[in-house]
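Note that the sequence shown ends on residue 321 in my numbering; no numbers are left out.
Since the structure comes first, as structure tokens, the remarks are kept for the end.
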Amino acid sequence: QMSHLDFDVKVPTGSDDELGRLGASINELSSKLEFTISELKTANNELQKDIEQKVQIDEMRKEFLSNVSHELKTPMTTIAGFIDGILDGTIPPDKQNYYLKIVSDEVKRLSRLVKTMLDLSRIDNGELHLNKQRFDLTSTVLSVLITFEKNIEKKNIQVTGLEDAQSLFIDGDPDMIHQVVYNLIENAVKFVNEGGYIELHVKDVNHRAEVSIKNSGQGIPADEIGMIFDKFYKTDKSRSQDKNGMGLGLYIVRTMIQQHGGDITVKSTEGEFCEFIFWLPKSGDGLTTRGTK
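As structure tokens, this is what we get:
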């Protein structure tokens, strides 16, 4: 039975003679074998999980590189085409401003892509350092929101929650937090349904500053919520409106918030809403300043 890995069976050891002692030794060996085999199974399972995770990460990296190539190629082709059209006269003078505006938008998109890549590189190399300053978090949220005014009007989105917002000063890196708020509001504007709403709140909660950004719309499936902050992770492509996203925005958001000693959570009901809530310490005493892995 033991040779078939059945270690529940034990040799009777009722006597104190040589056979009894032999039985006790066999039982002891059986227990050690059982423990060793159990450890080997556990190690094998962990190794298997590690291999699967590495394969998954490798696939994500390949997809990421493919997306980056696409994101670079598309605006560069557009920019080159329209500029050549202006230079060779294909685009008439009365249409040049229209196409130059498109070129300007594409240049800005390239700039955002490069910034995202630089942020990722700084995070991976442990070089994400804080430039601590005293700044108004509410003002940051409002200024970011204004940059999306055109898209908000285009989708007929109702924005609420900031009507009576008060200044809330915190210690931190204003550029990083601007990036955090920008990424979250950009997601909200991107995924909110036509004619839907975006609700924003900036709250003073004891020693914390709390920001919530909620939008109506399709929401996030329950089985994906636990993975959305992972590097390179993108929600299901058949449903995602972010076809060319790289799966880095929320990963960078969480890293920057945690660098400040805060955290971020998400709530969602599929088909109804999605809400991101992050908090930051108001005082800069506990901020990390040496970078992070």
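Glycine included, each C-beta is placed from N, C-alpha and C at the ideal position.
If one requires a minimum length of 4 residues, the alpha helix (DSSP H) runs lying completely within the stretch 145-226 are 165-175, 177-182 and 202-219, in chain order. Contact check for Leu-170 against Leu-190 passes: the beta carbons are separated by less than 8 angstroms. Boundaries of the alpha helix (DSSP H) around Val-281: 277-287.
Linking Thr-297 to Asp-291 through their CA atoms gives a straight-line distance of about 21 angstroms. Assignment of Lys-310 by DSSP, reduced to helix, strand and coil, places it in the coil class. For Lys-136, DSSP records no beta bridge to any residue. For Ala-71, no pairing in a beta bridge is given by DSSP. By the Cβ-count criterion, Gly-223 is exposed, with fewer than 16 other Cβ atoms from all chains shown falling within 10 Å of its own Cβ. Shown here for Ile-180: same chain residues with a beta carbon closer than 7 angstroms to its own, the five before and five after excluded, namely Val-187 and Val-217 in chain order. In the DSSP secondary-structure assignment, Phe-301 is bridged to Ser-244 and Thr-297. Secondary structure at Val-37: coil, using DSSP grouped into helix, strand and coil. In this structure, the straight-line span from the alpha carbon of Phe-304 to that of Ile-85 is close to 25 angstroms. Across the structure, Ala-250 and Gly-42 are spaced so that their CA atoms are roughly 58 angstroms apart.
Proximity of the stretch 278-289 to the stretch 134-151 meets the contact definition, three or more beta-carbon pairs being nearer than 8 angstroms.
Assigned with DSSP and collapsed to three states, Ile-292 falls in strand. Around His-229, the same chain offers Gly-189 and Ser-240 as residues with beta carbons nearer than 6 angstroms, after the five sequence neighbours per side are excluded. Distance from the Cα of Pro-202 is smallest, within the candidate group Val-172, Lys-182 and Gln-194, for Val-172.
For Asp-232, the three-state secondary structure derived from DSSP is strand. For Ala-237, the beta-bridge partners assigned by DSSP are Asp-232 and Leu-308. Taking C-beta atoms as the reference points, Gly-254 and Gly-299 fail to come closer than 8 angstroms. His-32 counts as exposed, since fewer than 16 other C-beta atoms from the protein chains shown sit within 10 angstroms of its C-beta.
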